[in-house]
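**Student:** Just passing along the structure, written as structure tokens.
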Amino acid sequence: MSAQFMQYLLTGFTVGAIYALVALGFSIIFNASHVINFAQGEFVMIGGMATVSLSAAGLPYLLAIPLAIAAAALVGLALEKFAVEPARGASVVTLIIITIGASIFLRGLAMLVWDKRFHALKPFTGDVPIAIAGATILPQSLWVIGVTLAIVLALSWFFGRTLLGKAMLATSHNRLAAQLCGINVRMVLFVSFGLSAALGAVAGILIAPITLTSYDVGVMLGLKGFAAAILGGLGSGVGAVVGGLALGIAESMSAGYLSSAYKDAIAFVIILAVLFFMPSGLFRKRGGDRV
Amino acid sequence: MKSTQAGNSLKRGLAAIATTFALYTGPAVAQEPIKIGSFLAITGPFAFLGDPENKTLELYVGKINAAGGVLGRKLQLIAYDSAGDAEKARTFTKRLIEQDKVDVIVGGTSTGETMAVIPLVEAAQIPFISLAGAVVIIEPVKKWVFKTPHTDRMACEKIFIDMQSRKLSKIALISGPGGFDKSMRAECLKLNKNYGIDVVADETYGGGDTDMTAQLTKIKNTAGVQAVLNPGFGQGPAIVTKNYGQLGITMPLYQSHGVASKEFIKLAGAAAEGVRLPAAALLVADDLPASDAQRSVVVSYKNEYESRFKSEVSTFGGHAYDGLLLAVEAMKKAGGTDKAKVRDALEGIRGYMGTAGMVNMSASDHMGLDLSAFRMLEVKGGNWTLVK
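So the protein lines, in turn, are chains P and G. Its first residue numbered 1, the first sequence is counted upward by one per residue in the working numbering. Its first residue numbered 1001, the second sequence is counted upward by one per residue in the working numbering.
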């Protein structure tokens, strides 16, 4: 029984770590612009697919992975420059719709640039499962959890200790005040798209060996990452991580102990319940509007 | 000025009359091509089926034309991309029937698309050969509808027979949310008692799921399970197989013909070793003994396809090959493209060897395949091998 529990927990952690990375991407852009970027899942796809094609071209992972992340970041920057920025006077809803359009466009483009098949990426370090207390975990899952942890630490350093990070944080708290302090908020928005695209790409690369990747893998991951971000509280870094892990573990526990047919439903019911009692998510500070 | 204009218009008028005559008297009438209509999921989620189907149709229409066509007439392929969408499939089928006025339709990658257009082809009374799997397409028999792939029911039967021979009587099912998964799961649950097989666990996974270890752990811990069957389609079965290996489950794992392409072995990697599945002989074309009646058909199709497109052959393209050649065969037998005669000829085809197996159509069977058309395959050394 406990071995079974352990297995569900490990599974939940692996899946949850990915949701967390996607959710972090949502949060960063939300903070900078109050826009929910529905193309976030497409960044995940671009990271995975670019690595697949680069390593198929003979490049070692050490080269292919940074290149793929850079490619996704470039796409993110281009999205901001050519789609979001020209519409910067528009309402948030308009901007969100633009990102939905961008996601459909990117998916179509990926289908043409690459193909419509599923691809598997070779695991970073072997394929031999590791046994922990009667349960098994793939080495790649450890990579997923480890890299997610490293990224969370790096991000907290970035937002807490660097000038650019602090500028982004300031913009998220009060855009107008930040602008009055001399922060280039347009630059902040620009950087935030690049950063969250890179984050998404990292997620896409990490999971490609476990879950396979294809041109439309971003749809479902984007949705789950969004749910995780909402659960944790949009815009909160800690919330994104906790939300992601909670969603992953809830899914695997309900698949294991209740019914696999309803596991997604159960996960979403939990989210609904949380949001009912805490409308702004688990970790987002409740901000009252001053009149 | 004016006279030149009049002269011009006179000349134009004469030219028009001349053209009209040329159209009506020229050899163009006798050479009018036979129109083969098709709608396939060339893009979208079923693209890995629709793409080889489309390539196969193009390849063989070209080959047949190069060899002089059918009944002295060239074939013309009119194919649309339905992207796996039933609504689009209906629109394109209407267009094929009303605007393009095709003689026969060979297409319909998925069961959903096929079922959506059946009312249209029945009403228009046009022969339709579907390339989709589920048994509902031909059962009950529809006058104008035929199909080439094996059914999910046959897959269940073939798998259960293999399980019986290995003395496996308690099995677990794990399946996905797609139409094929659901249909085959339902067929297997109807048939298992006939073969003395108990389904002791029945798990499912979602469409975008990336990890099935939770479901498999549950199956692993269910008392008495001797084998696992994964009626599935797409990337799900590859992930199930990977997770199966990760959890170190040693029971036999059965997949369906829905994953019968090299792609599956590539995606699932080492974990695919030992997986069994029923599939057409096409996948093991080169392993078939020389005495096998199907060998020459599948080897020639495989070589043609692989040398032309530089990619591995799949059974899905084979279904399109069978569909096209059955249509051609029927037109030859009917001596023309009269729709009712072609339909009757299709229904009368017996002993036709295709990539899916020996086709014996009849008034009560519009697929014409029996269980001998399926071969039980096992993955060994990263390749398909025949189970003896």
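Where a beta carbon is used, it is the ideal one built from N, C-alpha and C, also for glycine.
Relative to chain G, which residues along the stretch 237 to 256 of chain P have a C-beta separation below 7 Å, given in chain order?
**Tutor:** Answer in chain order: S252, A255 and G256.
**Student:** Are the C-beta atoms of M260 of chain P and some chain G residue less than 8 Å apart?
**Tutor:** Note that residue 260 of chain P is Ser in the sequence shown here, rather than Met. So, interface residue.
**Student:** Leaving aside the five residues before and after A1086 of chain G along the sequence, list all residues of the same chain whose C-beta is less than 7 Å from its C-beta, in chain order.
**Tutor:** Contacts found: G1112, E1113 and A1116.
**Student:** Let me check understanding here. Comparing Cα to Cα, which of G:D1103, G:G1133 and G:V1145 lies closest to E1122 of chain G?
**Tutor:** Per the Cα distances, G:V1145.
**Student:** Rounded to whole angstroms, what is the Cα-Cα separation between L74 of chain P and L1131 of chain G?
**Tutor:** Going from the Cα of L74 of chain P to the Cα of L1131 of chain G covers about 42 Å.
**Student:** Exposed or buried, which one is F82 of chain P when buried takes at least 16 other CB atoms within 10 Å?
**Tutor:** Exposed, because fewer than 16 other Cβ atoms sit within 10 Å of the Cβ of F82 of chain P.
**Student:** Quick one: residues in its chain with C-beta nearer than 8 Å to the C-beta of I1118 of chain G, no 5 flanking neighbours on either side, listed in chain order?
**Tutor:** Correct list, in chain order: F1128, I1137, K1142 and V1145.
**Student:** Is L1386 of chain G closer than 8 Å to D1287 of chain G when the C-beta atoms are compared?
**Tutor:** Yes. Within cutoff.
**Student:** Along chain G, which residues have their Cβ under 9 Å away from the Cβ of M220 of chain P?
**Tutor:** Residues of chain G passing the Cβ test: G1206, G1207, G1208, D1209 and T1210.
**Student:** With 8 Å as the threshold, decide whether the Cβ of L1267 of chain G is near any Cβ in chain P.
**Tutor:** Yes, L1267 of chain G lies at the interface with chain P (some Cβ there is under 8 Å from its Cβ).
**Student:** Taking its Cβ as the centre, do 16 or more other Cβ atoms sit within 10 Å of Q1255 of chain G, making it buried, or is it exposed?
**Tutor:** Q1255 of chain G should be labelled buried.
**Student:** When the Cα of A228 of chain P is compared with those of P:S214, P:I249 and P:T213, which residue comes out closest?
**Tutor:** A228 of chain P has its Cα closest to that of P:I249, out of P:S214, P:I249 and P:T213.
**Student:** In the structure shown, what three-state DSSP assignment does G1107 of chain G receive?
**Tutor:** Note: G1107 of chain G maps to strand in three-state DSSP.
**Student:** Measure from the C-beta of A120 of chain P to each C-beta in chain G and report whether the shortest distance is under 8 Å.
**Tutor:** Interface residue, yes.
**Student:** Tell me whether Y8 of chain P is buried or exposed, calling it buried when 16 or more other Cβ atoms sit within 10 Å of its Cβ.
**Tutor:** Looking at its Cβ environment, which holds 16 or more other Cβ atoms inside 10 Å, Y8 of chain P is buried.
**Student:** Around the Cβ of E1203 of chain G, are there at least 16 other Cβ atoms within 10 angstroms (buried) or fewer (exposed)?
**Tutor:** Buried is the call here.
**Student:** Please name the residues in the stretch 267 to 280 of chain P whose beta-carbon is closer than 7 Å to at least one beta-carbon of chain G, in chain order.
**Tutor:** Within the stretch 267 to 280 of chain P, no residue qualifies.
**Student:** Hey, Q1235 of chain G and S214 of chain P are a contact pair by Cβ (cut 8 Å); roughly how many whole angstroms apart?
**Tutor:** Right, their Cβ atoms sit about 7 Å apart.
**Student:** Less than 8 Å between CB atoms is the rule here; does G1246 of chain G satisfy it with respect to chain P?
**Tutor:** Contrary to the premise, residue 1246 of chain G reads as Gln rather than Gly in this sequence. With 8 Å as the cut-off, Q1246 of chain G counts as an interface residue toward chain P.
**Student:** Would you mind telling me which residues of chain P sit closer than 7 Å to A1260 of chain G, beta carbon to beta carbon, in chain order?
**Tutor:** Under the 7 Å cutoff, chain P gives no residues; its nearest Cβ is about 15 Å from A1260 of chain G.
**Student:** Opposite S358 of chain P in the DSSP bridges: which residues?
**Tutor:** The requested residue 358 of chain P does not occur in the structure, where chain P is confined to residues 1 to 291.
**Student:** Counting only Cβ pairs nearer than 8 Å, list the residues of chain G close to S214 of chain P.
**Tutor:** Per Cβ cutoff of 8 Å: Q1235.
**Student:** Under the three-state reduction of DSSP, which class applies to I210 of chain P: helix, strand or coil?
**Tutor:** Residue state, collapsed to three classes: helix.
**Student:** So that I know if they touch, is there some Cβ in chain P lying closer than 8 Å to that of Q1255 of chain G?
**Tutor:** Closer than 8 Å: no.
**Student:** Enumerate in chain order the residues of its own chain whose CB-to-CB distance from E1378 of chain G is below 6 Å, with the five nearest sequence positions on each side excluded.
**Tutor:** The residues are R1276, T1385 and V1387.
**Student:** Between the beta-carbon of T51 of chain P and the beta-carbon of L142 of chain P, is there less than 8 Å?
**Tutor:** Cβ distance not < 8 Å, so T51 of chain P and L142 of chain P don't count as in contact.
**Student:** Within the chosen definition, does the stretch 1279 to 1298 of chain G reach the stretch 1256 to 1270 of chain G through at least 3 CB pairs nearer than 8 Å?
**Tutor:** At 8 Å Cβ cutoff, the stretches touch.
**Student:** Measuring CB to CB, does G1317 of chain G end up less than 8 Å from T1056 of chain G?
**Tutor:** Contact: yes.
**Student:** Measure the alpha-carbon distance for T1091 of chain G versus S1038 of chain G and round it to whole angstroms.
**Tutor:** For T1091 of chain G and S1038 of chain G, the distance between alpha carbons rounds to 12 Å.
**Student:** Give every residue of the same chain whose Cβ lies closer than 7 Å to the Cβ of F1160 of chain G, excluding the five residues on either side of it in the sequence, and list them in chain order.
**Tutor:** Excluding positions up to five away in sequence, the list reads L1191, N1192, Y1195 and I1197.
**Student:** Assess contact between the stretch 1235 to 1255 of chain G and the stretch 1206 to 1217 of chain G, defined as three or more Cβ pairs (one per stretch) separated by less than 8 Å. Is contact present?
**Tutor:** Yes, the stretch 1235 to 1255 of chain G is in contact with the stretch 1206 to 1217 of chain G.
**Student:** What three-state label does DSSP hand S1003 of chain G in the structure shown?
**Tutor:** In this predicted model, S1003 of chain G has a pLDDT of only 49, less than 50, meaning its place in the structure is not dependable; the value taken from the coordinates is given anyway. In this structure, S1003 of chain G counts as helix in the three-state DSSP scheme.
**Student:** So which of G:Q1294, G:R1308 and G:S1300 has the shortest CA-CA distance to G1351 of chain G?
**Tutor:** Among G:Q1294, G:R1308 and G:S1300, the Cα nearest to that of G1351 of chain G belongs to G:Q1294.
**Student:** Tell me whether the beta-carbon of G978 of chain G lies closer than 8 Å to the beta-carbon of A1124 of chain G.
**Tutor:** With chain G running from 1001 to 1388 in the structure shown, residue 978 of chain G is simply not present.
**Student:** Let me know the secondary structure DSSP gives A1022 of chain G once reduced to three states.
**Tutor:** Its pLDDT being 49, under 50, A1022 of chain G is placed unreliably in this model, and the value from its coordinates should be taken loosely. Three-state result, A1022 of chain G: helix.
**Student:** Please report whether the beta-carbon of V52 of chain P lies at a distance below 8 Å from any beta-carbon of chain G.
**Tutor:** Taking Cβ atoms only, chain G never reaches closer than 8 Å to V52 of chain P, which makes this a no.
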